[in-house]
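Protein chains: 2
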Amino acid sequence: MKEAPHDADSVNARLLVQAGFINQLAAGIYTYLPLGLRVLTKIKTIIREEMQAVGGQEILMPALIPKAPWEATKRWDAIDVLFKLKGAGDKDFALGPTHEEVVTPLVQQYVKSYKDLPVSVYQIQDKFRNEPRAKSGLLRGREFAMKDMYSFHASLADLEQYYDRVKQQYLSAFARCGLDAIVTEASGGVFSKYSHEYQVATTSGEDIIYQCGQCRWAVNREIAEVKDGDACHRCGKGVVREVKAIEVGNIFKLSTRFADDFGFHVALEDGSAGKVWMGCYGFGPSRVMGSIIEVHHDDAGMRWPKSVAPYHVHLVSLSHKDESVKNQIDEAAQELHDALEAAGVEVVWDDREDVRAGEKFADADLIGIPLRLVVSEKTLSEGAAEWKERHETEARLVKLEDVLQETKEWLAAPERLTSHG
Amino acid sequence: MKEAPHDADSVNARLLVQAGFINQLAAGIYTYLPLGLRVLTKIKTIIREEMQAVGGQEILMPALIPKAPWEATKRWDAIDVLFKLKGAGDKDFALGPTHEEVVTPLVQQYVKSYKDLPVSVYQIQDKFRNEPRAKSGLLRGREFAMKDMYSFHASLADLEQYYDRVKQQYLSAFARCGLDAIVTEASGGVFSKYSHEYQVATTSGEDIIYQCGQCRWAVNREIAEVKDGDACHRCGKGVVREVKAIEVGNIFKLSTRFADDFGFHVALEDGSAGKVWMGCYGFGPSRVMGSIIEVHHDDAGMRWPKSVAPYHVHLVSLSHKDESVKNQIDEAAQELHDALEAAGVEVVWDDREDVRAGEKFADADLIGIPLRLVVSEKTLSEGAAEWKERHETEARLVKLEDVLQETKEWLAAPERLTSHG
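As they're listed, the protein sequences go chains A and B.
Heads up, the first sequence is in the working numbering, so the first residue is 1 and it goes up one at a time.
Heads up, the second sequence is in the working numbering, so the first residue is 1001 and it goes up one at a time.
Below, the structure is given as structure tokens:
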């Protein structure tokens, strides 16, 4: 779109809408357009791989959940953002904002003995929250993507061991998405001292956390017993600073709360009925997508990490009024495009003929694909393409015959993004 | 599960639930368990590839749709299966059973000129229908997977050309899923003489179609002007027979109906406002999954085509009371497993120790993975594994060193399934 949406209340909404990644249907409800869906899919693939690495088995639960299990857990009235609706025969349903009410009786049907534990299942699915103040683009939606994993254990010790393993793996998931997530102690509810949030520092964040500059220990203000400038309780060396941040994930020890509600026990070695301990692990792919932009952008637009960019290379060919020059440019760009794609490099090619160079460059900056390659009369006179990485200010010429190899090396190299949010 | 569910009203529900592919949460509402989700994902991948082959661009629209666009098309009250709900601020929403109301105003925002057409967008998303008689497992659900594509054209001629192209491509999509779909003329609604359904012949089908044995022309009974035994109107050579069938897809020419409702026009070459012609193309991945089982099963269980089977190979190792023999068996099975997986063959390995051979074989037949390989003391005494394809009655021995190569050749060979439903 030529203009940024005038009602955008956040950087991610403004840039993602203007660049055609998402389109708003209603407050907190978005369509993912082709570029945006590519990013979302890549984030989902990353979290899927990370959950498989901790032995999670992927399933897919329904969004429509009958009332009965919500009554069993006494959450039908307790969850204020529950979307409720009537089905045929006047039956009550809720749209799932979380799935303990489905997954607990589900696993109960298959797990009978302590020998069947531990089990960990996850899904990547759209969640619904009847959010009165949906806002901030993809950060607080009413329909949004979620990866929710639930683990089941025969003992608290086993839950704690697995919880720590997932806690660690989550850092890898966020890092692969280009986010430097801070593990932050948060309220653990009734059954556990703490839960853990994954917070990404950004001035646009709505959460306040306190973090030690030395040991990186952090705590959410909601439960903090420290204030800005205090000495760190944990390491005793650093100073605790107030940081604005966005929560991009959270993990909880649920203890036996949900298993107890459903009478889910397992047969122990001596034949008696043992309790079942649960953990749950949330990660929001759409919120991660919005957070990446809050952190990685500049005045000209978005700056996607290579790992989740909709394409690796933004190829721009500049048209020319002389037909034979134009044909040379088109041919060179086509060759480059085909060679890169054949090597598995994802290329989007701006071959529009009626658009000025300046507008094409502005669009490329807005869309924020990490590497821009330009083919024009000027670059071809040097037998080259112009190479410019999105986070750099200077462009340089790379000989056409070297572009493929240099691109492959660039793609394999570690990310060099720094936060600007 | 040891026993088939007593309340299953269809073959697909009985077998998919018993074998642990799906789990019923409520009437017409299912969880996909790991095996079932693998099948569903493969079907989605096939239809995604086929839609990309006709230039479809993938997007993802929301399930929550505000009331306003439904009023614009006068379908808020007309669609009797619309799930309706209230959001914050007492706002009305529906859960999308179809997405013309979202996609038409969406594309309208980006398409301004006839030069921007044609455009074709699709999504693979969960749909909702407040179905009073949800039944037949995955065949008639209240929450179900759908691929819906919508195409936009500057002329009827362009729509018709594209429609024919998609009509053809759909046959490839169904064939790749192991379904022999019959293109069937059906009611076209107000704006078009016919729509086209894709019907799969099976005795459990609820639709009645008439099909010519010679030219394969078919028509749904709802609009048929022929009866069983009539001469074919189309080719004049064959005889028309009544066939029970399941509808697995349908395509419609929508004419300008929805574009008109939203005032969606494009600027023509002479500057005047031109009409926009639409087509829509539905394909139900979950219904396809159920239909595959209705067609491909026998008394012992399911028989998945290689293309959508949850795994290619069901490896069974039989335990032995002698520890050293047991170790030999485990080692041989592990080697086979690793060699196959390294070659990209998907293997599920039944290494349960406390389960009899007969039970393992019965489970393998039920689950229906196309190739079963057994490693036991008996097969190892011949330096071999037992090879049995699901649709064959006889097993044979294959030397361990030949299994990998034979499996690769088998996987690359055309499908040899025949219908038994």
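From the three backbone atoms N, C-alpha and C, an ideal C-beta is built for every residue, glycine too.
(request) Using 10 angstroms around the beta-carbon of residue 421(A), count the other beta-carbons present and answer buried if the total reaches 16, otherwise exposed. (result) At residue 421(A) the pLDDT is 46, less than 50, meaning the model places this residue with poor confidence and gives no usable figure here.
(message) Can you tell me whether residue 1142(B) is helix, strand or coil according to DSSP?
(response) DSSP places residue 1142(B) in coil when its eight states are reduced to three.
(message) Helix, strand or coil for residue 421(A)? Go by DSSP, reduced to three states.
(response) Since pLDDT at residue 421(A) reaches only 46, below the 50 mark, its modelled position is unreliable, and no value is offered.
(message) Judging by CA-CA distance, which residue of 1014(B), 1018(B), 1010(B), 1007(B) is the nearest neighbour of residue 1363(B)?
(response) Closest option to residue 1363(B), Cα to Cα, is 1018(B).
(message) Any beta carbon of chain B sitting closer than 7 Å to that of residue 61(A)?
(response) Residue 61(A) counts as touching chain B.
(request) Pick helix, strand or coil for residue 1285(B), following the three-state DSSP scheme. (result) The answer is helix: DSSP assigns residue 1285(B) an H, G or I state.
(message) Taking DSSP's pairing of strands, which residues face residue 1065(B) in a bridge?
(response) DSSP lists 1094(B) as the bridge partner or partners of residue 1065(B).
(message) Taking contact to mean 3 or more Cβ pairs, one atom from each stretch, closer than 8 Å, check whether the region 50–62 of chain A and the region 115–129 of chain A are in contact.
(response) The region 50–62 of chain A, when compared against the region 115–129 of chain A, does touch it at the 8 Å Cβ threshold.
(message) So, under 8 Å CB-CB, residue 138(A) and residue 289(A) are touching, yes? Tell me the CB distance rounded to an integer number of Å.
(response) Contact between residue 138(A) and residue 289(A) is confirmed by a C-beta separation of about 6 Å, below the 8 Å threshold.
(request) Look at the alpha carbon of residue 1256(B) and the alpha carbon of residue 318(A), and state the distance between them as a whole number of angstroms. (result) Looking at the two C-alpha atoms, the distance is approximately 37 Å.
(request) Look at residue 108(A) and residue 262(A) and say whether their C-beta atoms are less than 7 Å apart. (result) By the CB criterion at 7 Å, residue 108(A) and residue 262(A) fall inside the cutoff.
(request) Helix, strand or coil for residue 89(A), going by three-state DSSP, please let me know. (result) DSSP, reduced to helix, strand and coil, places residue 89(A) within a helical segment of the structure shown.
(request) Use the C-beta contact count for residue 414(A): other C-beta atoms within 10 angstroms, 16 or more gives buried, fewer gives exposed. (result) By the neighbour-count criterion, in which 16 or more other beta carbons inside 10 Å mark a residue as buried, residue 414(A) falls on the exposed side.
(message) Do residue 230(A) and residue 240(A) count as a contact pair if the criterion is CB distance below 7 Å?
(response) One thing to note: residue 240(A) has its Cβ within 7 Å of the Cβ of residue 230(A).
(request) Could you check what DSSP says for residue 1125(B) in three-state terms: helix, strand or coil? (result) Residue 1125(B): strand per DSSP, three-state reduction.
(message) Going by beta-carbon coordinates alone, are residue 62(A) and residue 1293(B) separated by less than 7 Å?
(response) Cβ atoms of residue 62(A) and residue 1293(B): not closer than 7 Å.
(request) Would you check if the distance between the CB atom of residue 161(A) and the CB atom of residue 182(A) is smaller than 7 Å? (result) For residue 161(A) and residue 182(A), no; Cβs fall outside 7 Å.
(request) Along the beta strand (DSSP E) that carries residue 1389(B), what are the first and last residues, could you check? (result) Counted as a single uninterrupted DSSP element, the beta strand (DSSP E) harbouring residue 1389(B) occupies residues 1384–1389.
(request) Only counting runs of 3 or more residues, tell me where the beta strand (DSSP E) segments fall wholly within the region 1137–1225 of chain B, in order along the chain. (result) Counting only runs of 3 or more, we get 1143–1153, 1181–1187, 1194–1201, 1207–1212, 1218–1220.
(message) Spatial neighbours of residue 1221(B) within its chain, please: C-beta separation below 6 Å, excluding the five flanking residues on both sides.
(response) If we look at residue 1221(B) and ignore the five residues flanking it on each side, its Cβ neighbours are 1208.
(request) Check the Cβ of residue 130(A) against every Cβ in chain B and list those closer than 7 Å, keeping chain order. (result) The answer, in chain order, is 1087, 1088.
(request) Please report how far the alpha carbon of residue 1352(B) lies from the alpha carbon of residue 1249(B), in whole angstroms. (result) Rounded to the nearest angstrom, the gap between the Cα atoms of residue 1352(B) and residue 1249(B) is 40 Å.
(request) Identify every residue that forms a DSSP beta bridge with residue 1298(B). (result) 1301(B).
(message) Could you compute how far the alpha carbon of residue 130(A) sits from the alpha carbon of residue 264(A)?
(response) A direct Cα-Cα distance of roughly 30 Å separates residue 130(A) from residue 264(A).
(request) With a threshold of 16 other CB atoms inside 10 Å of the CB of residue 360(A), please say whether the residue is buried or exposed. (result) In summary, residue 360(A) is buried, with 16 or more beta-carbon neighbours lying within 10 Å of its beta-carbon over all protein chains present.
(request) Mind reading off the beta-carbon distance from residue 1012(B) to residue 106(A)? Whole number of angstroms is fine, and I expect it under 8 Å. (result) Not really, about 20 Å apart at Cβ, beyond 8 Å.
(request) Enumerate in chain order the residues of its own chain whose CB-to-CB distance from residue 1284(B) is below 8 Å, with the five nearest sequence positions on each side excluded. (result) So the qualifying residues of the chain are 1144, 1145, 1146, 1147, 1248, 1249.
(request) Could you please give the first and the last residue of the uninterrupted beta strand (DSSP E) stretch that includes residue 312(A)? (result) Per DSSP, residue 312(A) belongs to no beta strand (DSSP E) and is neither H nor E.
(request) Could you list which residues in chain A have their beta carbon closer than 9 Å to that of residue 1021(B), in chain order? (result) The premise fails here: residue 1021(B) is roughly 11 Å from chain A at the closest Cβ pair, so nothing lies under 9 Å.
(request) Would you decide whether residue 1081(B) is buried or exposed? Buried here means 16 or more other CB atoms lie within 10 Å of its CB. (result) Burial check for residue 1081(B): the Cβ neighbour count within 10 Å stays below 16, so the residue is exposed.
(request) Pull up the CB-CB distance for residue 1151(B) and residue 1118(B), whole angstroms please, since I reckon it's below 8 Å. (result) Confirmed, Cβ separation roughly 6 Å.
(message) Can you tell me whether residue 1243(B) is helix, strand or coil according to DSSP?
(response) Residue 1243(B): strand per DSSP, three-state reduction.
(message) Would residue 1188(B) and residue 1244(B) qualify as a contact pair, given that the criterion is a beta-carbon distance under 7 Å?
(response) With a cutoff of 7 Å on beta-carbon distance, residue 1188(B) and residue 1244(B) are scored as not near each other.
(request) Would you mind giving the Cβ-Cβ distance between residue 10(A) and residue 120(A), rounded to the nearest angstrom? I have them listed as a contact below 8 Å. (result) The pair is not a contact, with the Cβ atoms about 34 Å apart (cut-off 8 Å).
(request) Enumerate in chain order the residues of its own chain whose CB-to-CB distance from residue 1041(B) is below 6 Å, with the five nearest sequence positions on each side excluded. (result) Within the same chain, no Cβ atom closer than 6 Å to the Cβ of residue 1041(B) is found once the five residues on either side in sequence are excluded.
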